[in-house]
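Taking it in order: structure first as structure tokens, then the write-up.
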Amino acid sequence: MADSYYRTISGKQYDNELLEIAEKATKRSKAPIGKNIAKTLFDAIKDGGDYTDVEKRTVKYIRDNFKFSPEADEYLRSEIRKWAAKISVPAAKKKTTTKGTTKKESTVKRNSSRSAKSSFEGFTPYHENYEGGDSSQDEVAPTPEYNELVALNKFQITPKQNRIGRIILLALILLFFIVLIVFGIRSCNRSSKSTENINQNANVSSEAGTRSLERVALSEGRASDKFESQGRAIRYINDLQIRFIKQSMQTEETAADKIVTLAEALKSYPGIHVRVKGHTCFIGEMDENKILSDERAKFIYDELVKYGVNASQIDYRGFGETAEIESNSTEAGRIKNRRVDFTVLSVTE
Numbered sequence: 002m003a004d005s006y007y008r009t010i011s012g013k014q015y016d017n018e019l020l021e022i023a024e025k026a027t028k029r030s031k032a033p034i035g036k037n038i039a040k041t042l043f044d045a046i047k048d049g050g051d052y053t054d055v056e057k058r059t060v061k062y063i064r065d066n067f068k069f070s071p072e073a074d075e076y077l078r079s080e081i082r083k084w085a086a087k088i089s090v091p092a093a094k095k096k097t098t099t100k101g102t103t104k105k106e107s108t109v110k111r112n113s114s115r116s117a118k119s120s121f122e123g124f125t126p127y128h129e130n131y132e133g134g135d136s137s138q139d140e141v142a143p144t145p146e147y148n149e150l151v152a153l154n155k156f157q158i159t160p161k162q163n164r165i166g167r168i169i170l171l172a173l174i175l176l177f178f179i180v181l182i183v184f185g186i187r188s189c190n191r192s193s194k195s196t197e198n199i200n201q202n203a204n205v206s207s208e209a210g211t212r213s214l215e216r217v218a219l220s221e222g223r224a225s226d227k228f229e230s231q232g233r234a235i236r237y238i239n240d241l242q243i244r245f246i247k248q249s250m251q252t253e254e255t256a257a258d259k260i261v262t263l264a265e266a267l268k269s270y271p272g273i274h275v276r277v278k279g280h281t282c283f284i285g286e287m288d289e290n291k292i293l294s295d296e297r298a299k300f301i302y303d304e305l306v307k308y309g310v311n312a313s314q315i316d317y318r319g320f321g322e323t324a325e326i327e328s329n330s331t332e333a334g335r336i337k338n339r340r341v342d343f344t345v346l347s348v349t350e
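Heads up, this note's numbering is the position in the sequence shown plus 1, with the first residue counted as 1.
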């Protein structure tokens, strides 16, 4: 089970369990989500016994941001529609039946009470005759004032107490409206702050866009150094960085020359063992950044092997956004963090 029931994205709550199901499915494979995963999503929704607004929002988010196969997409939509219709019908019937039963019982109790009271006192009240319609045409209907006095006497309430009660009721109604106004003002303030936060994050969010794992072919590079000593080669390797364009596999313009120079250093000193390390900035989801960093490291690894470096000399690994060298709060820092760098692991004779 997820550590938290909900996950907040752009100020809105989403069902964390459903998001994790979709994320794990796409992490294992780049293929579209299939029918089996769609069934798993539907079972997770159905387990709650109700189709909440958070679940509706989460399903829409998943269908907008994750690629489904046509069969899986149709299955998920149709099953949710059928299940939502099924659970809504019993709820409506239950509500109608309960309301009718309560009204019937109330009528029976009221009639029984009137009959018992009339039998006990031995006479039929004036307003009872009026309501029943059995009185003659000469009788006068009771006035509203009379009915009010009868009601007050029944509960032993004086006219003065009745006026006080009305004042209290009006005061409570006024207080209720004041509370509504206060909450309305606070809600507007929260909405304004939320809008400001969204605007502040708009630049970063717009940068996320669509990422591409498609490699961009490099031009032929030229070596800039012949490395007359092993120490010089090691310093070059540890200081070298190859930068990438955001959310893509495209490298900087000088990447080809750097790769050829690095290949010459490794071929000149085959005892040097190096790790190729891929990195990203913080834009995007953490899992996606880990995959992108792996692909960047593998790309440089393959280029080195292509230029004649022994594969046993090098390995590669992606670190996602976890090893920043500059702050991600600025564009300049994010540019420096989108990189592949290198570490000498060991040197053998």
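For every residue, glycine included, the Cβ atom is placed at its ideal position computed from N, Cα and C.
| Asked | Found |
| --- | --- |
| Nearest residue (CA-CA) to E21, options K13, K36 and T41 | T41 |
| The stretch 27-40 / the stretch 65-85 touching (three or more Cβ pairs under 8 Å) | yes |
| Member of K31, R339 and A23 whose CA lies at the smallest distance from the CA of K61 | A23 |
| Nonlocal neighbours in the same chain, by C-beta distance under 7 Å from E221, ignoring five residues either side | A257 |
| Start and end residues, alpha helix (DSSP H) containing S294 | M287 to K307 |
| Outcome for N239 when other beta-carbon atoms lying within 10 angstroms are tallied against a minimum of 16 | exposed |
| Exposure of T349, with buried meaning 16 or more beta-carbon neighbours within 10 Å | exposed |
| Three or more C-beta pairs below 8 Å linking the stretch 261-278 and the stretch 215-229 | yes |
| Opening and closing residue of the beta strand (DSSP E) in which Q242 lies | Q242 to R244 |
| As assigned by DSSP and simplified to three states, the class of Q14 | strand |
| Beta-carbon separation (whole angstroms), R216 vs M250, contact threshold 8 Å | 5 Å |
| Cβ pair T59, L19 closer than 9 Å | yes |
| Rounded separation between V183 and I10 - CA only | 28 Å |
| Residue environment, C282, which counts as buried when at least 16 other CB atoms sit within 10 Å | buried |
| DSSP-derived helix/strand/coil call for F178 | helix |
| Inter-residue Cα distance where the pair is R339 and N329 | 10 Å |
| Three-state class that DSSP yields for S230 in the structure shown | coil |
| Assigned exposure category for I34 - 16 Cβ within 10 Å defines buried | buried |
| Simplified DSSP assignment, three categories, for K278 | strand |
| Residue interval of the alpha helix (DSSP H) (run including Y317) | No alpha helix (DSSP H) holds Y317; the beta strand (DSSP E) holding it covers I315 to G319. |
| Spatial distance of I243 from R297 (CA atoms) | 10 Å |
| Check whether K1 and G319 have beta carbons under 9 Å apart | The chain is shown only over 2 to 350; residue 1 falls outside these bounds and no answer can be derived. |
| CB contact flag (S294, E322, <9 Å) | yes |
| Residue from K25, C189 and L241 with nearest C-alpha to V345 | L241 |
| L219 (DSSP reduced to helix, strand or coil) | coil |
| Neighbour-count burial assignment, F300, 16 or more Cβ in a 10 Å radius | buried |
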